[in-house]
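For the protein sequence lines, the chains are X and Z, in the order given. Just so we're aligned: 423 in the numbering used here is position 418 of the first sequence, and the numbers increase by one with no gaps anywhere. Just so we're aligned: 222 in the numbering used here is position 223 of the second sequence, and the numbers increase by one with no gaps anywhere. Built from N, CA and C at the ideal position, the CB exists for glycine as well. First the structure, in the form of structure tokens, and then the observations on it.
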Amino acid sequence: MLSFLFLGILVSGALIAQGIRVTGKVTDAADGSALIGVTIQEKGTTNGTLTDVNGNYAITVSPSGTLVVSYIGYKGQEIAVNNRNSINVSLEVEEQLLQEVVVIGYGTVRKEDATGSVKAVSSEYFNPGIVSSPQEMVIGKMAGVQITTGGGAPGEGATIRIRGGSSLRASNDPLIVIDGVAVDTEGPTGMRNPLSTINPNDIETFTVLKDASATAIYGSRASNGVILITTKKGSSGQPFTVNYSGSVSVSSPIKYVETFSADEFRNLIATKYASNTAAQALMGTADTDWQKEIFRTAISNDHNINFSGGFAALPYRVSIGYTNQNGILKTDNLQRVTGAVNLSPSFLDNHLKVELNAKGMTNNNVFANQGAIGGSLSMDPTQTTDYLWKNPDGSPLFVAPMNPLTQLYDQDDISTVNRFIGNLQLEYKMHFFPALKAKLNLGLDKSGSQGSVTIPVGSFLSYSTYHGTGRDTEYEQSKTNSLLDFYFDYSGEFGGHSRINAVAGYSWQHFYRDGFTKTKSIEGTTTYEDSDYKSENYLISFFGRINYVLYDKYMLTFTLRDDGSSRFAPEHRWGLFPSTAFAWNISKEEFLRSSAAVSNLKLRLGYGITGQQNLSDNDYPYQAIYVYSEPGAYYQFGNGYMQTSRPSGYDANLKWEETTTYNVGLDYGFLKDRITGDIDLYLRKTRDLINQIPVPAGTNLTNQIVTNVGDLENRGLEFSINAKAVTTPDVDWEVGFNASYNTNKITKLTAVDDPDYKGVYVGGISGGVGNTIQIHSVGYPSYAFYIMEQVYSEDGKPIEGLYVDRNLDGAITGDDRYRYQKPAPTVFMGFSSLVRYKDFDFSFNGRINLGNYIYNNVFSNSSYANVAASGYLSNRVKNVLDTEFENSQYFSDYYIENGSFMKLDNISAGYNMNSLFQDKLNLRVYLTAQNLITVTKYSGIDPEVFSGIDNNIYPRPRTFMLGLSLTY
Amino acid sequence: MAMKSKLYKTISAAVIIFTMLFTACIKDLDTIPLDDDVLTSEKIYADFANYEKVLAKVYAGLALSGQRGPDGANDLSGLDEGFGQYSRAFFYAQELPTDEAILGWNDGNLRDYQEMDWSASNEFIFNMYSRIFYQISLSNEFIRETTNQKLEDRGFSDSQISTIDLYRSEARFLRALSYYHALDMFGNVPFVTEENSVGSFLPEQISRTELFDYVESELLAIEDLLMAPKANVYGRVDQAAAWMLLAKLYLNAEVYGKTAK
């Protein structure tokens, strides 16, 4: 945008043969203050200049010429020189900018009038270099929004948490609304990332609704915030434009886990196990670095082409994208074709507006067996790459580590997913009452997945499960989610001092899914699994909202939503979710209106209640239902096998979980909004948590039931600042920073006070069976680590098996475990910088997380146990040299580490060649590097672990990308 | 005037359409399971063939861990499904604290059994307790749903009712067996029968001696209702099973706080 504006002057210095010198001052029409850096150009030439710090300019122009005066955010002017030597100009603020709107639920609101905590990021500020996971484009861009990718697999999904999680058992994912369609965040099976249905190139803005006054209009699904994604559209009158963008990227692993090398391992066996002759005999002579064997440098490419314009009265945009991404783990691949069509015609003299959005995607995946990542750490480095551990009779030795290359190449795990997200929106402005609009939104989110996992006959992989018969798993899933919103929207002005916008309507959503999984031997003779499912749920809501604005200064919003969920019994089905907010635009008051320093100051107060009912695994939790057993789980009666029918546990009184949010916020803008930002303080209290707790023995048909028990709260502070540090014709520099602080605490977990109740055990680890390392308990954050306090020797080494007897009962038992820290960061920050110098641009984005703790499961699995086992050898992570543990000590707090980090997520440099071929073609080339620098004390590969349990996460690669964009 | 009547017509048409639309849609919230393998309680007990299947589940509760083989669709939650199986949990509790068996894996607090230092928070012991009471709940549910009154209301024939009555007696045996395990391993435990409904309440506690009397009375009551020894099909109990359990009860009567029998 800026670069276009400055286009003309960049080639200044061209000489004017004959002319007069004109001087003058440019001021703000509203307050008379000087405007700095205003472009003054002679019309039809490349001759131009800028105003100085006092708003003054001087230019030599033709006496009969015309000056074009332009400045961002102000209305441009053209002034005939008419032989004058002095021309003062006063510019008026562009009304359009004042009317900048933000998208909120069921409509838009003028940015000025917004009362809630709403944050939008538009495409120019997205993280560069993202081809398949839209979430990554806004990582670190918004205070209070934490986005953590699941790892480095191509198109990997990401976990989004807005202001900490407000639920325990129910989903903590925010609601995602794409162009008015509230999509199923769970997504189809066989797909790594439900959001990768959308091509990142098609996205215009990400808007996040954080507080209840903003989200309550989505009541039933809004407890964890709402993300509104708006895609790019054509506009009427726009000339036909074609844009091609493409990129090639190269990814490679950054760091490997330190294991014993072949020679070190040979040395270990020869010294530590010197007396174990069997172990000596098992050693090989090769030198294999298994980690280097399984990883590779991966090359990927991405191409997109889109057409947009306004054909007659029909604005349109059509795009097609193709992505082929290879993972750094061998065999891993993602291929995706996306298509999007957007049409927005108007009829009946603009009374009827139609918007049609259709997005389709087909996605083919090859899932590499990620077990190979852990496998590469334990496979004996002295063996050749085709080595397999066998029993003396040549049969597979189950307990020995599996060759990681066999894990990768013997298992063929593929899927194809097709998904369509689309909607038709009709907006009718009443002929007899134009202030009133009726809006109908019909949406559809449909997907079909097919996948298979095969292992050939005789493969050593999963031999113990499939007895060498091979594995042939096929699965399918189909999902259809439909949506109908119908609402009225009324906007009116009264007496020149107040404005009202009222919305009232109805929303209906249906979620349906079915599918099956069948596992047989390759020959088809043995069936290992044959299961299917079919389920649905409905949400019905009535909602209303009133925005009232008085004197452009005081704003009041009320929303009310009545939600019904089919997941609850009729008497508990409906939940009423109100919210209210007040905002005061202080900068519009007399005492600030003329301030040169303060350009915007708005105080926001909000309160509201939102609900949660998302129990993704059970649509009928209140009903007494019986489930038949599947083949393979029949019981023998006589000579036959009888299918069984099991009554399921249920809670007939299950109801809505409710989160109450209090929010105080301040939006600010200084120096004509060169510096902008906001501060928010919030408290979110969830009560009647949908939680899975032990049920009193014998009272229900299960031992743990999903019911409404417990309270938790999140408190936090958010701060953001964006500044246009330099704005000169040649150099333009913007910086941004945001910081968020959040604490999460469980305040109640049981119906009656039970001091003996420890909490809900969560956080399964690798190592042992059923071991968990985290707990939800009262007075602590959710997912607090629950571990034993290690005792150290004088030289600082952990003493194996010796822990502090914290309950002083004289014995070291599970009761000595204590709660320590949590995986969520206490403070997280994002920073960004974007510099434009003439046709070049340079940007970087990074993040800092503080107070996020990690259980290093890779290290805790490393002890000398079974290094030289009966019939095989197994390698270890070198951390065992520090602990000297003979047996794994999974619960030692030695393995809990502070994972605080600073990451430089990306650096990008670009060069723009505008106006090629007589202004017809714009070309941009850029180079982006992702995941460049990580600063941390954490001893593992990557300190960014959402769950806090680092267990051989697919390493995030470092990626270099060369991209090109052509616009005609 | 024409304008007004048009407006009036439009509004009334809209009101009618929306009233119909809303009423129809609100009914959408009344869902029942769509899956052929998932049925409501009413549908299950309407079909005679299902009674044997529910009984099979009560038996299977002792042997299988869930509704999918070899694992999956677990009956219980909170512990690894394999550990959670009834007879495995029973074997651990009975044998691991003795010198007859050793299990040295690094699985949670499993080693407490060997080291004889378990506490109330030991998940293996909690699991045994959960399994016993899950089994009692399953039996209670079947017994509750097979009263003569209910069977008659559902319109079953006399011969069908007598078959279901036998199932019911077998379920009472299975409940007595699990109460016996509770009495043997835990002593004074919560007491829940078919008189209680399914929910989440704090059940009454019963003393070990009272529970002894209850188990004894149940076994004596069903003794004549069960099939004669060896008359039943493989996998189902007969009178001999009741006698076996009575014998165990009487042999340990003093341990359970009763006078020797």
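So, does the CB of residue i fall closer than 7 Å to a CB anywhere in chain Z?
| i | result |
| --- | --- |
| residue 702/X | yes |
| residue 101/X | Confidence in residue 101/X is poor, its pLDDT being 49 and thus under 50, which makes the residue's placement unreliable; the coordinate value appears in the next sentence. Chain Z contact via Cβ: absent. |
| residue 487/X | no |
| residue 953/X | no |
| residue 182/X | no |
| residue 635/X | yes |
| residue 578/X | yes |
| residue 471/X | no |
| residue 820/X | yes |
If residue i sits next to residue j, beta carbons under 8 Å apart, how far is it from one beta carbon to the other, in whole angstroms?
| i | j | result |
| --- | --- | --- |
| residue 137/X | residue 969/X | Between residue 969/X and residue 137/X the Cβ distance is about 18 Å, and since that is not below 8 Å, they are no contact. |
| residue 375/X | residue 334/X | 7 Å |
| residue 80/X | residue 96/X | 6 Å |
| residue 979/X | residue 674/X | Any question about residue 979/X goes unanswered here, given that chain X covers just 6 to 973. |
| residue 39/Z | residue 710/X | 18 Å between Cβ atoms; not a contact. |
| residue 230/X | residue 159/X | The Cβ separation is near 27 Å, so there is no contact. |
Tell me residue i's beta-bridge partners as DSSP assigns them.
| i | result |
| --- | --- |
| residue 934/X | 912/X and 965/X |
| residue 296/X | According to DSSP, residue 296/X bridges with nothing at all. |
| residue 688/X | 667/X and 720/X |
| residue 63/Z | BP columns for residue 63/Z are empty, so no partner. |
| residue 738/X | 731/X and 840/X |
| residue 401/X | 395/X |
| residue 131/X | According to DSSP, which records beta bridges pairwise, residue 131/X is partnered with nothing at all. |
| residue 607/X | 590/X and 672/X |
| residue 904/X | In DSSP, residue 904/X forms no bridge with anything. |
Measure from the C-beta of residue i to each C-beta in chain X and report whether the shortest distance is under 7 Å.
| i | result |
| --- | --- |
| residue 106/Z | yes |
| residue 30/Z | yes |
| residue 140/Z | yes |
| residue 338/Z | Nothing can be reported for residue 338/Z: it is not among the residues displayed for chain Z, which extend from 0 to 260. |
| residue 45/Z | no |
| residue 265/Z | This structure does not reach residue 265/Z, given that chain Z is present from 0 up to 260, and the question cannot be answered. |
| residue 67/Z | yes |
| residue 206/Z | no |
| residue 218/Z | no |
| residue 178/Z | no |
Mark residue i as exposed unless 16 or more other C-beta atoms lie within 10 angstroms of its C-beta, in which case mark it buried.
| i | result |
| --- | --- |
| residue 404/X | exposed |
| residue 828/X | buried |
| residue 127/X | exposed |
| residue 436/X | exposed |
| residue 204/Z | exposed |
| residue 472/X | exposed |
| residue 545/X | buried |
| residue 93/X | exposed |
How would you list, in chain order, the residues of chain X whose beta-carbon sits under 9 Å from the beta-carbon of residue i?
| i | result |
| --- | --- |
| residue 262/Z | As displayed, chain Z neither begins before 0 nor continues past 260, which places residue 262/Z out of reach and without an answer. |
| residue 153/Z | What residue 153/Z touches in chain X: nothing, since even the nearest Cβ is about 15 Å away. |
| residue 195/Z | 703 and 704 |
Quick one: list the residues of chain Z neighbouring residue i, beta-carbon separation under 7 Å, in chain order.
| i | result |
| --- | --- |
| residue 221/X | Result: empty, since nearest Cβ-Cβ is about 21 Å, beyond 7 Å. |
| residue 538/X | 34 |
| residue 647/X | 51, 52 and 55 |
Residue i touches chain X at which residues, Cβ-Cβ below 8 Å?
| i | result |
| --- | --- |
| residue 163/Z | Ordered by position in chain X, no residue passes the 8 Å Cβ test against residue 163/Z, which lies about 14 Å from the chain. |
| residue 146/Z | Correct list: empty, because the minimum Cβ distance to chain X is about 16 Å. |
| residue 62/Z | 640 |
| residue 82/Z | 774 and 775 |
Could you work out which residues of chain Z lie near residue i, taking near to mean beta carbons separated by less than 9 Å?
| i | result |
| --- | --- |
| residue 892/X | 105 |
I want to verify the contact list: residues of chain Z whose CB lies under 8 Å from the CB of residue i, in sequence order.
| i | result |
| --- | --- |
| residue 630/X | 32, 37, 38, 39 and 40 |
Could you work out which residues of chain X lie near residue i, taking near to mean beta carbons separated by less than 7 Å?
| i | result |
| --- | --- |
| residue 191/Z | 703 and 704 |
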